[in-house]
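Using my numbering, the first residue of the sequence shown is number 70, and each one after it goes up by one. Note that beta-carbon positions come from the ideal geometry of N, C-alpha and C, so glycine has one too. Heads up, the thing below is written out as structure tokens.
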Amino acid sequence: MLKEFALEPEAVATWASFKDLIEKFGVSKGRVIAAFPRKWRQAVLRAAQEQARDVERARIVEKLQRLEGLVLLDRNRPSGDGALPWLDRVLVEHDRLPFDGIIVRERQNAHPKVLTTDEVDDDPPLFQATGQKHIRRTADEIVDCVALLVSCAQTIKLVDPHFKPNELRWKRPLMHLLKLVRDSGRIGVSIEVHRDNSALPGNIRSYFEGAIPRILPPGVGLSVHLHPEQALHNRFILTERGGASYQTGLDDNKEGRSTDEDLVTLLEPATFEREWRAYPSSDQPFLSYPPSN
70 MLKEFALEPE AVATWASFKD LIEKFGVSKG RVIAAFPRKW RQAVLRAAQE
120 QARDVERARI VEKLQRLEGL VLLDRNRPSG DGALPWLDRV LVEHDRLPFD
170 GIIVRERQNA HPKVLTTDEV DDDPPLFQAT GQKHIRRTAD EIVDCVALLV
220 SCAQTIKLVD PHFKPNELRW KRPLMHLLKL VRDSGRIGVS IEVHRDNSAL
270 PGNIRSYFEG AIPRILPPGV GLSVHLHPEQ ALHNRFILTE RGGASYQTGL
320 DDNKEGRSTD EDLVTLLEPA TFEREWRAYP SSDQPFLSYP PSN
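Encoded structure:
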């Protein structure tokens with residue numbers, strides 16, 4: 070659902086090319102730019118020094134400073150051998166951890182994942198993406214909608230008024246999400262569960278105590294935050310890089326107890342900011358499971 074593209078810095082080294090391409094990216098559009106190399110912004114500025122006029126370069130600098138995580142995603146990819154041309158480095162990294170596409174100013178390679186900026190304007194299948202999708206309610210499909218965001222997140226908020234990880238239909242998606250976090254190699258990741266307070270406190274505690282301590286990977290913590298029942302209805306997976314809404318829930322339907330499909334929507338920037346603030350972290354959560362070593 071969310072595609073990650075490597076974008077050649079020289080392809081956005083003038084204001085016209087920069088403005089045209091950057092506007093095609095964003096979490097809500099289903100496309101993000103990979104921070105490759107790690108200092109991708111600096112590489113764009115170096116290219117702009119050679120190609121852009123002073124006024125254009127100033128506009129690029131200003132836009133780069135405001136380029137949020139909702140467009141540029143840092144997955145801690147290694148930058149490769151700096152002595153090699155950018156495309157050669159990208160293809161080496163692509164063999165290790167594939168990109169969904171590679172965008173260059175001029176074609177230098179017949180690789181099937183490589184597109185030129187001119188080809189992007191024609192909206193080829195490789196570049197096509199969507200911010201909204203019907204999914205099957207399986208653990209994999211629920212979480213994979215936001216897999217890229219989870220892989221580079223430090224805080225992940227799971228918002229579902231009925232979240233009960235002692236039941237397999239919630240536990241399976243949570244386990245898949247925890248696997249993505251573990252595989253990303255990040256430590257100090259904080260997962261927050263935001264659910265309603267309609268059940269008795271002892272019951273809510275039992276939903277988590279029997280499941281969470283045994284499944285948390287090292288370096289990952291989890292906390293539970295309660296909200297008034299009437300104030301909590303929507304379902305989200307949110308990270309500081311963006312998020313998605315789920316119309317049905319964060320539980321799968323493996324047992325066939327509910328609907329087979331859900332409609333998932335990647336959030337627009339303003340909507341995301343509002344929802345992120347609506348579920349703040351608390352210094353005194355209802356339950357807290359600190360990260361283990």
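Note to self: So for Ser97, helix, strand or coil by DSSP?
What the structure shows: helix
Margin query: Tell me the rounded alpha-carbon separation between Val159 and Ala80.
Written below: 14 Å
Next item on the list: Report buried or exposed for Ala112, applying the criterion of at least 16 other Cβ atoms within 10 angstroms of its Cβ.
Entry: Burial call: buried.
Note to self: By DSSP's criteria, Gln201 is part of a beta bridge. Which residues make up the other side?
What the structure shows: Thr334
Checklist line | Residue span of the beta strand (DSSP E) that contains Ser253, given as start and end | finding: Not the beta strand (DSSP E): Ser253 falls in the alpha helix (DSSP H), residues Leu237 to Ser253.
Margin query: Helix, strand or coil, according to DSSP, for His276 in the structure here?
Written below: Going by the sequence as given, residue 276 is Tyr instead of His. Of the three classes helix, strand and coil, the one that applies to Tyr276 here is helix, per DSSP.
Notebook entry, point to check: When burial is assigned at 16 or more other CB atoms within 10 Å of the CB, is Asp123 buried or exposed?
Noted result: exposed
Item checked: Classification of His163 by the beta-carbon crowding that lies within 10 angstroms, buried from 16 upward -> Within 10 angstroms of the beta-carbon of His163 lie 16 or more other beta-carbons, which makes it buried.
Check: Whole-angstrom Cβ separation of Ser97 and Gly200, contact assumed at under 8 Å?
Finding: Confirmed, Cβ separation roughly 5 Å.
Next item on the list: Rounded to whole angstroms, what's the CA-CA distance from Arg128 to Phe74? Just pull it up for me.
Entry: C-alpha separation (whole angstroms): 23 Å.
Next item on the list: Tell whether a beta-carbon distance below 9 Å holds between Glu342 and Gly138.
Entry: no
Notebook entry, point to check: Does the pairing of the stretch 201-214 with the stretch 323-336 give three or more beta-carbon distances under 8 Å?
Noted result: Taking 8 Å as the limit for Cβ pairs, the verdict is that the stretch 323-336 does touch the stretch 201-214.
Notebook entry, point to check: Of all the beta strand (DSSP E) runs that stay within the bounds of the stretch 74-139, which reach a length of 3 or more residues?
Noted result: If you keep only unbroken beta strand (DSSP E) runs of at least 3 residues inside the stretch 74-139, you get 100-103.
Check: Which residues mark the beginning and the end of the alpha helix (DSSP H) in which Arg283 is found?
Finding: Ile281 to Ile284
Note to self: Shorter than 8 Å, the distance from the beta carbon of Ser267 to the closest heavy atom of the ligand SAH, or not?
What the structure shows: Of ligands this structure carries none, so the ligand SAH is not represented either.
Check: Taking Cβ positions, are Asn266 and Glu298 nearer each other than 9 Å?
Finding: Cβ atoms of Asn266 and Glu298: closer than 9 Å.
Margin query: Whole angstroms are fine: how far does the CA of Cys214 sit from the CA of Leu133?
Written below: Leu133 and Cys214 have their C-alpha atoms some 27 Å from each other.
Next item on the list: Using three-state DSSP, classify Ala300 as helix, strand or coil.
Entry: helix
Item checked: Gly288 and Val258 closer than 9 Å at C-beta -> yes
Next item on the list: Enumerate in chain order the residues of its own chain whose CB-to-CB distance from Gly254 is below 8 Å, with the five nearest sequence positions on each side excluded.
Entry: Asn145
Check: Just the Cα atoms here: how many angstroms apart are Pro167 and Leu319?
Finding: 27 Å
Note to self: I need the DSSP call for Leu156, collapsed to helix, strand or coil.
What the structure shows: helix
Note to self: Between His263, Asp191 and Asn362, which has its C-alpha nearest Asp89's C-alpha?
What the structure shows: Asp191
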